[in-house]
Amino acid sequence: MKKIEAVIRKSKFEEVKDALYEAGIEFFSFWDVRGVGQAREGRSYRGIVYDTSTIERIKLSIIVRDKNVDKTVQAILGSARTGEIGDGKVFVVPIEESYRIRTGEHGDESLFIKGKEE
0 MKKIEAVIRK SKFEEVKDAL YEAGIEFFSF WDVRGVGQAR EGRSYRGIVY
50 DTSTIERIKL SIIVRDKNVD KTVQAILGSA RTGEIGDGKV FVVPIEESYR
100 IRTGEHGDES LFIKGKEE
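Here the sequence shown is numbered in numbering that gives the first Met the number 0, starting from 0 and rising by one per residue.
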């Protein structure tokens with residue numbers, strides 16, 4: 000099992016969400032986050048543009064079975080890319096164990112509904 004974390008542009012969230020759904024990823028968590036990076040975004044207030052050192056992004060957290068890692072990462076890369084600085088990052092981290100609270104299932108079995116996934 001792997002945890003995939005991605006930091007993406009807010010403007011690409013809907014595209015990424017749709018791409019993940021098409022890849023068979025039906026559940027993930029996300030947060031509005033701020034960070035500092037190479038990209039700078041200007042803010043306008045009463046006609047004056049201000050440079051800001053923080054960048055607003057969305058952070059996704061997805062736990063997948065090993066066999067679904069590549070298609071999940073490719074879905075994110077393909078849908079989040081603009082080609083500009085500040086497109087974001089994807090991180091893949093190993094997960095030791097997972098438990099479904101309702102049934103007590105653990106490991107890979109806790110990540111999918113039997114009969115629904117291949």
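Every residue gets a Cβ at the ideal spot worked out from N, C-alpha and C, and that includes glycine.
This structure is a prediction, so every number in the text was calculated from the model and none was measured.
Residues near residue i by beta carbon distance below 8 Å, same chain, minus five either side
i: Thr81; result: Arg8, Lys11
i: Asp17; result: Ser78
As assigned by DSSP and simplified to three states, the class of residue i
i: Ala74; result: helix
i: Glu83; result: coil
i: Phe27; result: coil
i: Ser60; result: strand
i: Ala22; result: coil
Given residue i as reference, the closest of the options once Cα atoms are compared
i: Glu28; options: Ile84, Val6, Gly87; result: In the sequence as presented, Glu is not what sits at residue 28; that position holds Ser. Cα-wise, what sits closest to Ser28 is Val6.
i: Tyr20; options: Gly46, Thr53, Ser78; result: Ser78
Proximal residues to residue i (C-beta, below 6 Å), its chain only, five neighbours per side dropped
i: Asp107; result: Arg64
i: Phe90; result: Glu4
Indicate whether the contact test is met: 3 or more Cβ pairs, each with one atom in the segment 29–36 and one in the segment 93–101, closer than 8 Å. no
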